[in-house]
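Residue numbers (my numbering), protein chains in the order written: chain A, 1 to 286; chain B, 1 to 157; chain C, 1 to 770. We put the CB at the ideal spot given by N, CA and C, even for glycine.
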């Protein structure tokens, strides 16, 4: 196995293209090293992208933020302005693993690992995040909800890698929140994860909403029916109940060692309601 | 196959070692540098027994490739005491009986120090969540949390 | 009492007198091995390296049950860097029924040789099939991939009730159940049936106003020690060997390895490393015989360390169980009869802790009519190893749940109900012996008046209590006190220190000698240093080790008095030992200056030679330890998640030599119990493979999962120990399963009879009721 640490996007793209599929990108390594140790992946070359400046920066962009794919959870948590604008996204990333994992893990890695239960993804979907990808044919942008195509599978072609995310600006009276269910208080993979983002007008009526749902299908889902249940309402308990029901209908989970179909479906509704109330409170206070 | 040559700093001292690309920082600390204070409990980042800091960040050494630490600063449990002076956390762990078998203790000490370096007045809840990545099977965590809170109080003066 | 007097003419009065003037025992003294542990200096099983060392790795069966038709090592052995390989052909068989005394245990070596290396069949996923030693881990792993094994996959069985059914796949084709009359004609998976009890059950139940009968089901759990098994073996060309390993009993490991490798016991020297947790799981050997066999072939040291995955798949997780309990009581709360049938998984070989479970289940109660029956059942899982009061947590989970239900039905406070039926000194225990002085009533009364029990519950919370019991053991133990030329003392013991016991033993030595604590330096000797020492387990070290240390001190004191008497030319009967000094008494009082250890030591050579205090004993009379736990839980009714809001452990220690470490045992056992009750379980797929062989999905409690664990140390002294000590290490794991289940019942009015009470199970129950 070779280890390379390129300093530009172009170099990284070349290395990955030349590896013809046996290359693996290394950011925080909290997924990759576990897979290496268990023999699940046997890459020919590991391409460490952390020396590429664009993957490690957080910069303002059009009232929102451009966040490097290899920025760690710990660094995101320390960025006050980003936390203020997108508290749900940051709290979702903060839930990934332990403090030690947070010292290394990144949003980019979390998305690219493409676990259906990845914590950051429902929140990124709810936020309407965009992915910036560099590859042999140049650079492209993709909405985050299109990035994962199946468990462990992404839209990335050979030679491409995820460079950064764009998180949009927010109108006034906007809030987002992410909640997940785990059996313990920490350290578990999400059994269900829900991200809700909404914006209210000056009368408290919801004018925009997005809801992301994780761990209940082959990929995290953008649940438009759930958002539709909130738009045009004051996000009262009646609207939340309709949203909850839409969430449960969207679930396509499996039975596995982390949860059953029945359980996941039930709890997804409970969490959606709870996350919605937090997002609402944040929107009212912003 | 040729091994990689890495130059880094460990506990303030310049260090060089040879490693395979598959070796983790934990493998190298133990098997090449014989710094066996950091332990392997799981090799998958779930137990925290290999906790070290990398450029000031608390991480699991089992999830860092040895090649990644080129030019970086690593601190381990072996760097916590200064000469024969124990760090206040180490002394408080002894005073509070915050260890029984002791295998998780280096990881807890490194992690707790990382907490107190950032937050000199953590609540019990903050301590528990910060240390959630460090497993202990012997103590039930009670005396560990008390030791950390007591150390924080003492260090605040 | 007889044992105490036999060793050193100590009486209960002597102990009571000593108790009034204790200087070290009962204090929170500094721990002698503490600084090495907080600096990372202490060496655990995987922390040693030798020149020319090889790395060993094990090939493990991917099948839960398969005949091994052939094993071809040739390609593996031909790989450059591979120095040795072993399979079943390298370990001699032991005939069927080769049951040998080994220290205090009775070991079936036919089973053990098959457990460390599969012979005819692979009996569980993870079963060792071959092992190699190579110049580094990468080559060793590569070599494993070159070993060709021809398996004939067989149907498997895991669940205990499935395994008991006629027609179940047989783990051992010729196993006839022991303990059944008439002797069965057909083989089955039932290795043994045991029965304990006394009285007339039918009569007892006929007198009951209320009878409650329940069936319980639990899943296997693992001891969860953070340090994986690890060892380093080094064989010399002349057949002598050294073994360094993480173990709870290096003498036991020595005996097993010598037998398995067919060598003299004395030719194998075993050093125990510091041990990163055991809880019973490191009382057996797995890697050690393999490392020795590989080292013998390669004539190079061989290091072997289990990965976490191997620990979960291939060490000795406990039994899962099916249990039926029936208890009857009068309407004013007197239990008239109790009956339990316990079916435990033994794993691939017989020997589950069902007998101990059957003995302990009703132990907290004074019953006229009681019967417990246990079945030890084979299945395609690893051979179960001990886990902290082995068997008792399960038996008492079932009984304490039914006791709780009875109390509720009869509208009697659960602690009051237990007090009305409590075992006391003189009670005929449910398993035979009469109890001596015990603290069952004291722990219950302490609980009743404890602030936790009296505190109001918050809305939605529930509170549960449960009692627990473990017999504790004594056993073969040796200790030596060596007087150094400068009057300091080296204490050599032979019991690995898994929780701080060397601190307690040092304190008792200093106390018995009457000297300063820091003048005694403890060492855990290797197997060449002392006579036989039974393993660290059974909560025996502070008890039996204390007796041995006190005996060695008494032996040393006798010699010190003799030397002083000779120096003064005074009869030895007129020399006493007080406050760490020899003093002349009676007619010679005040005629000579007292002599301390330094005074006597500096002239040792002239006065008769080295002064060494020794004691070897097979300690008897271990006092049982009773406990009572109080727990409050919150239940999130929308998700089914149970959290522990408050926990108090009350347990009898006899005498707490070092209170901090006694509290630590109480707290650690309680939290293991929380994990077992709420989240820990082995999950098997349809092929009998473990799905959650890691700390991610095998969910032990993390720091944020639990509150502070309050403790109360009750002291009802044990008359057979010089300081009144009872073992305490195991009882803490016995009450939590029922205490937490009872608390959940109190919160939800739903009785759970299956563990763990994980969120999906709890939510499903809540929704089916409401």
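Could you name the residues of chain B that residue 650 of chain C contacts, counting a contact when the two beta carbons are closer than 7 angstroms?
Stepping through the third chain from its first residue, residue 650 of chain C is reached at position 650. Residues of chain B passing the Cβ test: none, with the nearest at roughly 15 angstroms.
Quick one: Cα of residue 68 of chain B to Cα of residue 397 of chain C, how far?
Residue numbering aside, residue 68 of chain B sits at position 68 when the second chain is read from its first letter. Residue numbering aside, residue 397 of chain C sits at position 397 when the third chain is read from its first letter. Distance between the alpha carbons of residue 68 of chain B and residue 397 of chain C: 50 angstroms.
Report the option in B/129, B/30, B/80 whose CA atom is closest to the CA atom of residue 144 of chain B.
As a working note, residue 144 of chain B is residue 144 in the second chain. Minimum Cα distance to residue 144 of chain B is reached at B/129.
Using a C-beta cutoff of 7 angstroms, does residue 308 of chain C count as contacting chain A?
As a working note, residue 308 of chain C is residue 308 in the third chain. With 7 angstroms as the cut-off, residue 308 of chain C does not count as an interface residue toward chain A.
Below 7 angstroms on C-beta distance, what does residue 704 of chain C contact in chain B?
As a working note, residue 704 of chain C is residue 704 in the third chain. Listed along the chain, the chain B residues whose CB falls inside 7 angstroms of the CB of residue 704 of chain C are 128, 129, 132.
Pull out every residue of the segment 62-89 of chain A whose Cβ sits closer than 7 angstroms to any Cβ of chain C, in chain order.
Residues passing the 7 angstroms Cβ filter: none.
Determine the extent of the beta strand (DSSP E) in which residue 182 of chain C is found, giving its start and end residues.
What you label residue 182 of chain C is simply residue 182 of the third chain in a count that begins at 1. Following the DSSP letters along the chain, one finds residue 182 of chain C in no beta strand (DSSP E), marked with neither H nor E.
Which runs of the alpha helix (DSSP H) at least 4 residues long sit entirely within the segment 714-752 of chain C? Give them in chain order.
List check, alpha helix (DSSP H) in window: 736-748.
Alpha carbon to alpha carbon, how far is residue 393 of chain C from residue 769 of chain C? Give it in angstroms, no decimals.
Mapped onto the third chain, residue 769 of chain C falls at position 769. Mapped onto the third chain, residue 393 of chain C falls at position 393. For residue 769 of chain C and residue 393 of chain C, the distance between alpha carbons rounds to 28 angstroms.
List, in order along the chain, the chain C residues whose C-beta lies closer than 7 angstroms to that of residue 259 of chain A?
Counting from one through the first chain, the residue named residue 259 of chain A turns up at place 259. Under the 7 angstroms cutoff, chain C gives 760.
In whole angstroms, give me the CA-to-CA distance for residue 303 of chain C and residue 133 of chain B.
Counting from one through the third chain, the residue named residue 303 of chain C turns up at place 303. Counting from one through the second chain, the residue named residue 133 of chain B turns up at place 133. Rounded to whole angstroms, residue 303 of chain C to residue 133 of chain B spans 28 angstroms at the Cα level.
Pairing CB atoms from the segment 407-422 of chain C with CB atoms from the segment 332-339 of chain C, are three or more of them under 8 angstroms?
Cβ pair count under 8 angstroms is three or more, so yes.
Classify residue 53 of chain A: buried if its beta carbon has 16 or more other beta carbons within 10 angstroms, exposed otherwise.
Counting from one through the first chain, the residue named residue 53 of chain A turns up at place 53. By the neighbour-count rule (16 or more Cβ atoms within 10 Å), residue 53 of chain A is not buried but exposed.
Please list the terminal residues of the continuous alpha helix (DSSP H) segment that includes residue 308 of chain C.
Working through the third chain from its first residue, we reach residue 308 of chain C at position 308. Segment 308-314, the alpha helix (DSSP H) holding residue 308 of chain C.
For residue 299 of chain C, is the classification buried or exposed, using 16 other Cβ atoms within 10 angstroms of its Cβ as the cut-off for buried?
As a first step, residue 299 of chain C is located in the third chain; it is residue number 299 there, counting from the start. Sixteen is the threshold: since fewer than 16 other Cβ atoms of the shown chains lie within 10 Å of the Cβ of residue 299 of chain C, the residue is exposed.
Closest to residue 16 of chain A by C-alpha separation, out of A/43, A/282, A/30, A/225, would be which residue?
Here residue 16 of chain A refers to the residue found at position 16 when the first chain is read from its first residue. Across the set A/43, A/282, A/30, A/225, the C-alpha of A/43 shows the shortest separation from the C-alpha of residue 16 of chain A.
Look up residue 140 of chain C in the DSSP assignment and say whether it is helix, strand or coil.
Counting from 1 along the third chain, the entry for residue 140 of chain C is found at position 140. DSSP places residue 140 of chain C within a helical segment (H, G or I) once states are collapsed to three.
Taking residue 167 of chain C as the reference, which of C/466, C/448, C/188 has the closest Cα?
Here residue 167 of chain C is taken as the residue at index 167 of the third chain, counted from 1. Comparing Cα-Cα distances from residue 167 of chain C to each of C/466, C/448, C/188, the minimum goes to C/188.
Measuring straight from C-alpha to C-alpha, what distance separates residue 219 of chain C and residue 159 of chain C?
Here residue 219 of chain C corresponds to residue number 219 of the third chain, with the count starting at 1. Here residue 159 of chain C corresponds to residue number 159 of the third chain, with the count starting at 1. Residue 219 of chain C and residue 159 of chain C: Cα-Cα distance of roughly 9 angstroms.
First through last residue of the alpha helix (DSSP H) which encompasses residue 86 of chain A:
For this step, residue 86 of chain A is matched to residue 86 along the first chain. That residue, residue 86 of chain A, is in no alpha helix (DSSP H); it is neither H nor E in DSSP.
Do the CB positions of residue 174 of chain A and residue 130 of chain A come within less than 7 angstroms of each other?
For the purposes of this step, residue 174 of chain A is taken as residue 174 along the first chain, with counting starting at 1. For the purposes of this step, residue 130 of chain A is taken as residue 130 along the first chain, with counting starting at 1. Taking 7 angstroms as the Cβ cut-off, residue 174 of chain A and residue 130 of chain A do not qualify as a contacting pair.
Quick check: what's the CA-CA separation for residue 178 of chain C versus residue 54 of chain B?
As a working mapping, residue 178 of chain C is identified with position 178 in the third chain. As a working mapping, residue 54 of chain B is identified with position 54 in the second chain. Cα to Cα, residue 178 of chain C sits roughly 59 angstroms from residue 54 of chain B.
Identify the continuous beta strand (DSSP E) that holds residue 645 of chain C and give its terminal residues.
Here residue 645 of chain C refers to the residue found at position 645 when the third chain is read from its first residue. Segment 641-652, the beta strand (DSSP E) holding residue 645 of chain C.
With a threshold of 8 angstroms on Cβ separation, who are the neighbours of residue 258 of chain C within its own chain once the five nearest residues in sequence on each side are excluded?
If you number the third chain from 1, residue 258 of chain C lands on position 258. Result list for residue 258 of chain C: 264, 265, 267, 268, in chain order.
For residue 549 of chain C versus residue 509 of chain C, is the C-beta distance shorter than 7 angstroms?
Working through the third chain from its first residue, we reach residue 549 of chain C at position 549. Working through the third chain from its first residue, we reach residue 509 of chain C at position 509. Taking 7 angstroms as the Cβ cut-off, residue 549 of chain C and residue 509 of chain C qualify as a contacting pair.
Name the residues in the segment 17-37 of chain B whose C-beta lies less than 9 angstroms from a C-beta of chain A; which are they?
Within the segment 17-37 of chain B, the qualifying residues are 20, 21, 22, 24.
For residue 575 of chain C, three-class secondary structure by DSSP:
The residue labelled residue 575 of chain C in the question sits at position 575 within the third chain. Taken through DSSP and simplified to helix, strand or coil, residue 575 of chain C comes out as strand.
What residues of chain C sit near residue 7 of chain A, judged by a beta carbon separation below 7 angstroms?
Position 7 of the first chain, counted from the start, is the residue given in the question as residue 7 of chain A. Chain order gives no chain C residues near residue 7 of chain A, where near means a beta carbon separation below 7 angstroms; the closest approach is about 30 angstroms.
Given a threshold of 16 other Cβ atoms within 10 Å of its Cβ, counted over all protein chains shown, does residue 52 of chain C qualify as buried or as exposed?
Here the question's residue 52 of chain C lines up with position 52 in the third chain. It counts as exposed.
Mind checking the segment 98-128 of chain B against chain C and listing, in chain order, the residues whose C-beta falls within less than 7 angstroms of any C-beta there?
Those would be 99, 100, 101, 102, 103, 104, 105, 106, 109, 128, in chain order.
Quick one: using the 10 Å Cβ neighbour count with 16 as the cut-off for buried, is residue 4 of chain C buried or exposed?
As a first step, residue 4 of chain C is located in the third chain; it is residue number 4 there, counting from the start. Note that residue 4 of chain C scores a pLDDT of 39, beneath 50, so its modelled location is shaky and nothing firm can be said.
Report yes or no: is there a C-beta of chain C within less than 7 angstroms of the C-beta of residue 46 of chain A?
Walking along the first chain from the start, residue 46 of chain A turns up at place 46. It does not: the Cβ of residue 46 of chain A has no partner Cβ on chain C nearer than 7 angstroms.
Can you find a CB in chain B that lies within less than 7 angstroms of the CB of residue 103 of chain A?
Within the first chain, numbered from 1, the residue matching residue 103 of chain A stands at position 103. At least one chain B Cβ lies under 7 angstroms of residue 103 of chain A.
Under 8 angstroms by beta carbon: chain C residues contacting residue 50 of chain B:
Reading the second chain from its first residue, position 50 is the one you call residue 50 of chain B. Contact annotation for residue 50 of chain B against chain C: no contact, minimum CB-CB distance about 11 angstroms [criterion: below 8 angstroms].
Contact under 7 angstroms by Cβ, residue 3 of chain A with residue 92 of chain A
Taking the first chain and counting its residues from 1, one reaches residue 3 of chain A at position 3. Taking the first chain and counting its residues from 1, one reaches residue 92 of chain A at position 92. Not closer than 7 angstroms, so no.
Roughly how many whole angstroms lie between the Cα atoms of residue 213 of chain A and residue 687 of chain C?
The count along the first chain starts at 1 and reaches residue 213 of chain A at position 213. The count along the third chain starts at 1 and reaches residue 687 of chain C at position 687. C-alpha separation (whole angstroms): 32 angstroms.
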